[in-house]
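Colleague:
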Amino acid sequence: MKRLKLEVFVKEQSALDRICRVLAAIPEGRVVTYGDLAEMAGYPRAARLAGQTLRKLPRGTKLPWHRVINAQGRISLPEPGASRQRKRLEHEGITLLKGRVDMSKYRWRP
DNA sequence: TGTTTGACGCTCC
DNA sequence: AGGAGCGCCAAAC
Numbered sequence: 371m372k373r374l375k376l377e378v379f380v381k382e383q384s385a386l387d388r389i390c391r392v393l394a395a396i397p398e399g400r401v402v403t404y405g406d407l408a409e410m411a412g413y414p415r416a417a418r419l420a421g422q423t424l425r426k427l428p429r430g431t432k433l434p435w436h437r438v439i440n441a442q443g444r445i446s447l448p449e450p451g452a453s454r455q456r457k458r459l460e461h462e463g464i465t466l467l468k469g470r471v472d473m474s475k476y477r478w479r480p
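Residue numbers (the numbering used here): 371 to 480.
1. Around the Cβ of Gln-442, are there at least 16 other Cβ atoms within 10 angstroms (buried) or fewer (exposed)?
2. Does Asp-406 pass the burial test, meaning 16 or more other C-beta atoms within 10 Å, or should it be called exposed?
3. Secondary structure at Thr-423, three-state DSSP: helix, strand or coil?
4. With three or more C-beta pairs closer than 8 Å as the rule, is the region 463-471 touching the region 387-397?
5. On a Cα-Cα basis, can you pick out the residue from Met-410, Thr-431, Tyr-476 and Ser-446 that is closest to Gln-422?
6. Please report the straight-line C-alpha distance between Gly-412 and Arg-388, rounded to a whole angstrom.
7. Does DSSP classify Leu-433 as helix, strand or coil?
8. Expressed to the nearest angstrom, what Euclidean distance is found between the alpha-carbon atoms of Ala-420 and His-461?
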């Protein structure tokens, strides 16, 4: 908890909290970029923070971490994670041509 | 308190 | 199309 000047108390939220909440809202069969994820979580221009945060997720998480790819439509996660991600994406009907997702088709923007 | 670190992104060329 | 260079920014040291 952090006390602000206006005598108001606000619950402090970590980037992990905020990013996880946005992450959970991404619909099946759609993707977002790291930049999108960060921005939607309230951290504009902090794309790297999104990646740094996803990296901390436990292996067994139910959150759709695999729906986050880079702005070029490519998987950024190094192997062996990349294979797991590609498999999960294809399982949701997201096709990768030449290792790339068609962003004009699958990118989710509320 | 200052530096380093990336599952990044954008602009050249 | 694809790579080099540089900017970005909260976390982790």
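Glycine is no exception: its CB is placed at the ideal position from the N, C-alpha and C atoms.
Modeller: Let me lay it out:
1. Exposed, because fewer than 16 other Cβ atoms sit within 10 Å of the Cβ of Gln-442.
2. Per the 10 Å Cβ criterion, buried.
3. In the displayed model, Thr-423 falls within a helix according to three-state DSSP.
4. Contact between the region 387-397 and the region 463-471 is absent: fewer than three C-beta pairs spanning the two stretches fall below 8 Å.
5. Looking at the Cα atoms, Ser-446 is the closest of the given residues.
6. Their backbone Cα atoms lie some 8 Å apart in a straight line.
7. The answer is coil: DSSP assigns Leu-433 none of H, G, I, E or B.
8. Computed Cα separation, rounded: 23 Å.
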